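Inspection log for the structure reproduced underneath, given as structure tokens.
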């Protein structure tokens, strides 16, 4: 077979056009996922069964099933129900973009909730007691002692999850979205050169991953400035 | 000595505490008057730490009554924050907040609990850092300080809440020997200023010179409590004698 190096250079700008959508999927899902994660984390560690059990079930379901199936269920499955089509949610669920963001957020939220829980559990019990002994309320202890330390402890696992999320956004191309992977698939269908085109897409993902890694590395450094090396 | 006896500020009545099957405290009775300095000693696992941790409810007692500054400790959580802000505590492991600078460690509780302004709490913090002779370290991270310095910061942090009572849970046990005295000196200064103190410690020299009352615990019980002279010269029980023989 022949390898057309020139085709990579030629197709990169076009595939590059999908970056906007890929980044929108990434940032929106990461943001919404984080919101969900904080809510479910608080439910999980609340010590109240009627909050922790639903959180546990949510995490179990969305970590335990493939994202592709979650996207399909939301995009192809939900519109079967008439009440969904008549609800306000329909304006979001009708669009493949909305469906993808919902599926990705729910999925990454489940992972992030567990990552954050790991961070919270990693905070020294003695610091809690010191806070309590000073008369700080449970809320203040959580905000001013647990949170900043837990965030620092969670960063490495969290950045890992954001990188996973970046690659998971490629699944949105299965529901017609023209993200980086979606554009690549379209070009492949026209040129029949899967090797070169998908490699170009891979290069773009690699570059984005590098930026994410770098960003988190700086953030981690900032959050760890009080730790003696 | 007689005048301070009139005002009990801490009262433990028949206090018991269980960890599962294990009984950590067995019908403990203790009354501490305002301004009194109590040293609690005894072998490890005897319930010393558990007892003082019950006084600010870091541990919940199972039976009996604990009354601190007129407030009975119970399931009602509203009383507890009030008690905790009156009772300062210093831990064996310092427990400074590692993500806050020294001065911010001191400012956190005054700001959040007492609602003191940022400037006001910084002033307060500097004043207490001065008092434990460590003001020049105000803007460092706790991890940059020695153990003795960290423990002095921890004492200053507790003092910022202007507590009426200070609890010390083996404050020098985690320190290198050469740092013990700088911490004990601060505690002695505090004692001389009239602070009510309960101190769990193995520092018998400190106990002898500072304490009004020495309490000896073993197996969750108060075996003996007496003035230092009596305690060291004429211990009443065999267990106390055995303990003193081992540590002196």
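Chains as they are written, first to last, in the numbering used here: chain A, 1 to 229; chain B, 230 to 477. The beta-carbon is built from N, C-alpha and C at its ideal position, and this holds for glycine as well. Quantities reported herein were computed from a predicted structural model and do not represent experimental measurements.
So for residue i, helix, strand or coil by DSSP?
i                      : result
residue 270 of chain B : strand
residue 5 of chain A   : helix
residue 260 of chain B : strand
residue 231 of chain B : Its pLDDT being 46, under 50, residue 231 of chain B is placed unreliably by the model, and the measurement read from it follows with that caveat. Note: residue 231 of chain B maps to coil in three-state DSSP.
residue 118 of chain A : helix
residue 367 of chain B : coil
residue 346 of chain B : coil
residue 192 of chain A : coil
residue 383 of chain B : helix
residue 96 of chain A  : helix
residue 326 of chain B : coil
residue 228 of chain A : coil
residue 403 of chain B : coil
residue 175 of chain A : helix
residue 374 of chain B : coil
residue 13 of chain A  : helix
residue 410 of chain B : helix
residue 423 of chain B : coil
residue 361 of chain B : coil
residue 390 of chain B : coil
residue 101 of chain A : helix
residue 160 of chain A : helix
residue 463 of chain B : coil
residue 124 of chain A : coil
I need the boundaries of the beta strand (DSSP E) containing residue i, first residue and last residue.
i                      : result
residue 442 of chain B : 442-447
What does DSSP give as the partner residues of residue i in its beta bridges?
i                      : result
residue 428 of chain B : B:268 and B:397
residue 418 of chain B : Answer is none; residue 418 of chain B lacks a bridge partner.
residue 317 of chain B : B:395
residue 292 of chain B : B:245
residue 301 of chain B : B:296
residue 453 of chain B : B:445
residue 166 of chain A : None, per the DSSP bridge assignment.
residue 251 of chain B : B:248
How about residue i: is its C-beta nearer than 8 Å to some C-beta of chain A?
i                      : result
residue 313 of chain B : yes
residue 400 of chain B : no
residue 336 of chain B : no
residue 243 of chain B : no
residue 320 of chain B : yes
residue 373 of chain B : yes
residue 388 of chain B : no
residue 172 of chain B : Because chain B here runs from 230 to 477, residue 172 of chain B falls outside it and cannot be looked at.
residue 368 of chain B : no
residue 326 of chain B : yes
residue 257 of chain B : no
residue 341 of chain B : yes
residue 405 of chain B : no
residue 310 of chain B : yes
Terminal residues of the continuous alpha helix (DSSP H) containing residue i?
i                      : result
residue 79 of chain A  : Per DSSP, residue 79 of chain A belongs to no alpha helix (DSSP H) and is neither H nor E.
residue 334 of chain B : 331-341
residue 236 of chain B : First-last for residue 236 of chain B: undefined, no H or E at that position.
residue 439 of chain B : 433-439
residue 38 of chain A  : 19-44
residue 134 of chain A : From DSSP, residue 134 of chain A is part of no alpha helix (DSSP H); its letter is neither H nor E.
residue 145 of chain A : No alpha helix (DSSP H) holds residue 145 of chain A; DSSP gives it neither H nor E.
residue 282 of chain B : 277-284
residue 54 of chain A  : 49-64
residue 468 of chain B : 467-476
residue 287 of chain B : Here residue 287 of chain B belongs to no alpha helix (DSSP H), and DSSP marks it neither H nor E.
residue 89 of chain A  : No alpha helix (DSSP H) contains residue 89 of chain A, which DSSP labels as neither H nor E.
Is there a C-beta anywhere in chain B that falls below 8 Å from the one on residue i?
i                      : result
residue 228 of chain A : yes
residue 140 of chain A : yes
residue 237 of chain A : Because chain A spans 1 through 229 in this model, residue 237 of chain A falls outside it and cannot be assessed.
residue 46 of chain A  : no
residue 122 of chain A : no
residue 116 of chain A : no
residue 148 of chain A : yes
residue 109 of chain A : no
residue 8 of chain A   : no
residue 127 of chain A : yes
residue 145 of chain A : yes
residue 87 of chain A  : no
residue 218 of chain A : no
### Query
Given 8 Å as the limit, is there contact between the segment 84-101 of chain A and the segment 67-76 of chain A, that is, 3 or more CB pairs closer than that?
As far as the Cβ criterion goes, the segment 84-101 of chain A touches the segment 67-76 of chain A, which means the pair count is three or higher.
#### Entry: Stretch-stretch touch, CB-based, cutoff 8 Å, three pairs: the segment 155-162 of chain A with the segment 115-134 of chain A
Yes: the two stretches touch, three or more of their Cβ pairs being nearer than 8 Å.
### Task
Count the CB pairs spanning the segment 317-333 of chain B and the segment 290-301 of chain B that are closer than 8 Å, and state whether there are at least three.
As far as the Cβ criterion goes, the segment 317-333 of chain B does not touch the segment 290-301 of chain B, which means the pair count is below three.
### Message
Tell me whether the segment 274-293 of chain B and the segment 345-356 of chain B touch, counting them as touching only if at least three CB pairs, one residue from each stretch, are closer than 8 Å.
### Response
They do not touch, by the three-pair rule.
### Message
Quick test of the definition: if touching needs 3 or more C-beta pairs under 8 Å, does the segment 15-25 of chain A touch the segment 165-181 of chain A?
### Response
Yes, they touch.
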